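Residue 93 in numbering that gives the first Met the number 0 sits at position 94 of the sequence shown, and the numbers go up by one each step. From the three backbone atoms N, C-alpha and C, an ideal C-beta is built for every residue, glycine too. Computed from a predicted structure; not experimentally measured.
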Amino acid sequence: MSELPYVLRPIPTDKAEELRDAGGPVFVANEHPGFPCRQCLLDAEVGEELILVSHDPFTGNSKYRSASPIFLHRVGCQLAFNPSDLPTQLTSRQLSVRSFDKDEMMIDAAVIDGDELESKIESFFDDVQSETIHVHNATRGCWAVTIERRAA
Ligand SMILES: [Zn+2]
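In structure tokens, the structure reads:
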């Protein structure tokens with residue numbers, strides 16, 4: 000089992016806890032999949048509670064900054080994804096993927112089916128300027144994960 004050649008960055012635990020503490024509408028998952036938690040990168044099981052919050056995945060002062068709606072399990076969850084595989088939460092959905100350079104300026108963007116994610120990440124990172132890729136749900140616009148180039 001080998002690791003992915005890049006690093007998946009879900010919402011950091013401290014940020015997720017901050018957003019849970021600030022509160023938001025609570026949902027109970029009534030279908031699976033359908034309620035993707037952006038901390039553990041799993042879709043909630045039917046009956047699990049989630050909170051809807053707003054998260055800005057940028058870390059610098061990018062002009063592209065924007066918060067998007069995301070679900071989190073209402074009660075803290077553990078990172079559960081397998082580091083050698085892209086989570087089903089991503090590969091099963093239509094995605095918007097955006098490539099950014101070190102100054103968080105957008106280089107490229109595309110709307111793809113999730114099963115194309117792996118090849119799209121590789122083609123974005125073929126450009127040496129590309130440092131991070133932001134993945135969003137193409138339809139509802141929720142930020143899903145940020146992908147970083149693995150340090151050489
Ligand atoms: Zn979760």
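Could you check if residue i is buried or exposed, using at least 16 other CB atoms within 10 Å of its CB as the buried criterion?
| i | result |
| --- | --- |
| THR58 | exposed |
| VAL110 | exposed |
| LYS119 | buried |
| ALA66 | exposed |
| ASP55 | exposed |
| GLY113 | buried |
| PRO11 | exposed |
| VAL45 | exposed |
| ARG149 | exposed |
| ARG64 | exposed |
| ARG139 | exposed |
If you check the beta carbons only, do residue i and residue j fall under 9 Å apart?
| i | j | result |
| --- | --- | --- |
| PRO32 | GLN88 | yes |
With H, G and I counted as helix, E and B as strand and the rest as coil, what does DSSP make of residue i?
| i | result |
| --- | --- |
| LEU116 | helix |
| ARG148 | strand |
| GLN88 | helix |
According to DSSP, residue i sits in a beta bridge with which residue or residues?
| i | result |
| --- | --- |
| ILE106 | DSSP, once it has assigned bridges, lists no residue as partnering ILE106. |
| PHE99 | MET105, THR131 |
| ARG8 | THR145 |
Segments of 4+ residues assigned as alpha helix (DSSP H) that fall wholly inside the stretch 12-73 | 12-21
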